[in-house]
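So the sequences go chain by chain: A and B.
First residue of the first sequence? That's 13 in our numbering, and the numbers climb one at a time after it.
First residue of the second sequence? That's 3 in our numbering, and the numbers climb one at a time after it.
Idealized CB from N, CA, C, for every residue including glycine.
What follows is a set of notes on a single structure, which appears directly below.
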Amino acid sequence: MSVDATVETYKGHRLAGWLDWLQMLTGLTLAVFIFAHMLFVGTVIFGANAFNWIASFFEKTYLAQIGGPILFFIFLLHGTLGARKMPFRTKEQKLIVRHAKMMHHRDTWFWVGQAVTGSILLVIAAIHMWTVLSDLPITAAKGAQEVQNTLWALFYVLLILCAGFHACIGLYRIGVKWGFITRATRAKALKCIYILMGIYAGGELILLLRFLSLKV
Amino acid sequence: MGRTLQFEIFRYNPMDPNSKPRMQTYYLEEKENMTLFLALNEIRETLDPSLQFDFVCRAAVCGSCAMVINGRPGLACKTKTKDLPDKITLHPLPVFKLIGDLSVDTGIWFRGVAKKIEAWVHTNKTFDPNALEERMDNELANQIFELDRCIECGCCIAACGTARMREDFLGAATINRIARFYIDPRDERSDQEYYEVIGTDEGVFGCMGLLGCEDVCPRNIPLLDQIGIIRRKMAIASTGGKVGRLFSVFAKKKK
Ligand code: SF4
Ligand code: SF4
Ligand code: FES
């Protein structure tokens with residue numbers, strides 16, 4: 013087993029570390045983004061005009077046109093990196109579900125949830141980004157029109173729930189994996205994560221209702 | 003007291019071509035202070051002499067009696083029946099090679115990973131049998147001892163989703179073991195050399211932080227705290243020291 017390693021193998025090995033960094037950093041960026049996104053969209057609470065004003069600000073400054081595709085790229089990168097850890101073959105999927113059932117262990121189920129919501133997000137978040145970014149400018153009226161179609165409304169409920177779960181558990185997971193959340197702080201950290209999840213899901217669902225009630 | 007316990011026990015003898023995996027039921031009167039160790043022995047003595055399981059120390063020291071108890075890996079000798087429901091289901095640990103019924107071979111597995119991570123002190127110093135033993139700071143000695151408490155029972159491996167999906171994953175006990183050499187000043191390996199053995203997807207980067215390991219460890223070793231430290235060190239090593247320097251700048255600023 014123990015062969016004398018050469019410099020080359022070492023360089024090749026480094027990749028695993030880099031990829032781990034990338035997975036964390038892209039995940040962190042996306043998590044921060046969706047919360048910022050909630051705040052921007054949140055301007056709709058003050059009416060269509062406030063929302064349109066902020067949307068046009070992002071377009072005038074080209075943040076939407078440039079930031080959007082960059083974000084899309086980060087999103088794809090994060091999905092690809094995550095997929096490396098996912099149970100891909102049916103055998104592995106069966107194993108992890110059997111394992112989670114056997115253990116009846118919260119954190120193992122969380123991870124199964126992570127894998128499931130991650131896969132769903134890869135599709136539906138991509139659709140959402142595409143429909144929004146390919147049809148600029150973003151206006152409150154367009155958003156309202158979209159969600160007043162029942163299917164789209166359900167689509168957004170799914171998106172909100174998946175994104176909230178995935179991002180919050182993801183943050184918790186980063187903390188645990190990198191040792192920022194230790195045995196001593198785990199219970200407290202988890203409580204904060206639940207609250208965060210509640211704020212996100214609750215906030216976004218209120219926004220969805222606001223869009224539903226918007227006259228177009 | 004006076005409960006009748008229902009045991010559902012996994013039976014299979016891989017050496018016997020006629021044997022098929024199945025669950026067998028036994029009933030036993032619960033006694034005061036009964037552990038699973040006592041219960042299994044009573045079953046073997048009074049009900050079924052063919053039942054296979056392992057014990058040595060019966061005091062949570064040797065690590066040979068680990069099994070899956072109602073779904074969770076744990077030590078049979080440390081588990082009291084009074085903490086369990088009337089129905090007790092026992093399986094052998096997954097991941098490891100099955101010897102028969104509840105008995106598995108953790109030895110080959112642990113030996114394999116110990117070889118992979120070269121679990122011995124690497125030093126260039128020649129040993130002088132006449133010299134006084136080198137002194138070690140008491141606090142450091144305690145820290146090393148804390149990590150050496152692992153009894154290689156295998157519970158953390160069986161409880162790990164990653165280890166079950168990926169056969170080559172080194173597992174929490176192994177990463178904990180590397181941490182033990184990492185903090186030992188007698189081991190002269192550099193960060194880069196440690197990176198070689200543990201900085202891979204089979205090593206520390208494969209861990210997905212599922213916490214199964216930590217939640218079942220019968221010795222209560224803070225496994226994820228260790229994995230976190232090693233992950234940070236190895237991630238820093240992967241950048242060839244660049245980020246390390248950045249961190250040390252921050253660290254200095256903090257002071
Ligand atoms: S770390 Fe704990 S669970 Fe894992 S082998 Fe050691 S004692 Fe057993
Ligand atoms: S935290 Fe890591 S080592 Fe422990 S059970 Fe999870 S994946 Fe396995
Ligand atoms: S018999 Fe030694 S640990 Fe249980």
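Item	Value
Element boundaries [alpha helix (DSSP H), containing Met25 of chain B]	Unbroken run through Met25 of chain B is the beta strand (DSSP E), 24-31; no alpha helix (DSSP H).
C-beta atoms of Leu226 of chain B and Gly191 of chain A nearer than 9 angstroms	yes
Option nearest Ala175 of chain A by Cα separation, candidates A:Lys189, A:Gln160, A:Ala137	A:Ala137
Beta-carbon proximity of Ser105 of chain B to Phe39 of chain B, cut-off 9 angstroms	no
Test: Glu34 of chain B CB closer than 9 angstroms to a CB of chain A	no
Where Phe129 of chain B sits in the DSSP three-state scheme	coil
With 16 other Cβ atoms within 10 Å as the buried cut-off, status of Asn178 of chain B	buried
Beta-carbon gap between Tyr74 of chain A and Phe122 of chain A smaller than 9 angstroms	no
N- and C-terminal bounds of the beta strand (DSSP E) containing Lys117 of chain B	Premise fails: Lys117 of chain B lies in the alpha helix (DSSP H), 108-118, not in any beta strand (DSSP E).
Sheet register partners of Lys99 of chain B (DSSP bridge)	B:Asp107
Distance between Pro16 of chain B and Asp103 of chain B (C-alpha atoms, nearest Å)	9 angstroms
Same chain, Cβ closer than 6 angstroms to Phe171 of chain B, five either side skipped, listed in chain order	Thr164, Ala165, Glu204, Gly208
Alpha-carbon spacing of Asn20 of chain B relative to Leu92 of chain B, whole angstroms	22 angstroms
Candidates B:Pro23, B:Ile71, B:Ile90, B:Phe12, of which the one nearest Leu30 of chain B by Cα	B:Ile90
Heavy atom of ligand 1 within 8 angstroms of Arg151 of chain B beta-carbon	yes
Heavy atom of ligand 1 within 8 angstroms of Ala165 of chain A beta-carbon	no
Contact residues within the region 154-183 of chain A, judged by C-beta distance below 8 angstroms to chain B	none
Chain-ordered neighbours of Leu212 of chain B on chain A, where CB pairs are closer than 7 angstroms	Asp119, Thr120, Trp123
Limits of the unbroken alpha helix (DSSP H) element including Arg101 of chain A	Counting along the chain, Arg101 of chain A falls outside any alpha helix (DSSP H), and DSSP gives it neither H nor E.
Local Cβ density within 10 Å of Ala48 of chain A, reported as buried at 16 or more and exposed below that	exposed
Cα-Cα separation between Ala165 of chain A and Leu31 of chain A, rounded to whole angstroms	36 angstroms
Test: Phe183 of chain B CB closer than 9 angstroms to a CB of chain A	no
Amino acids of chain B, ordered along the chain, whose beta-carbon sits closer than 7 angstroms to that of Leu107 of chain A	Arg166, Met167
Simplified DSSP assignment, three categories, for Met141 of chain A	helix
Boundaries (first-last residue) of the alpha helix (DSSP H) holding Gly214 of chain A	198-225
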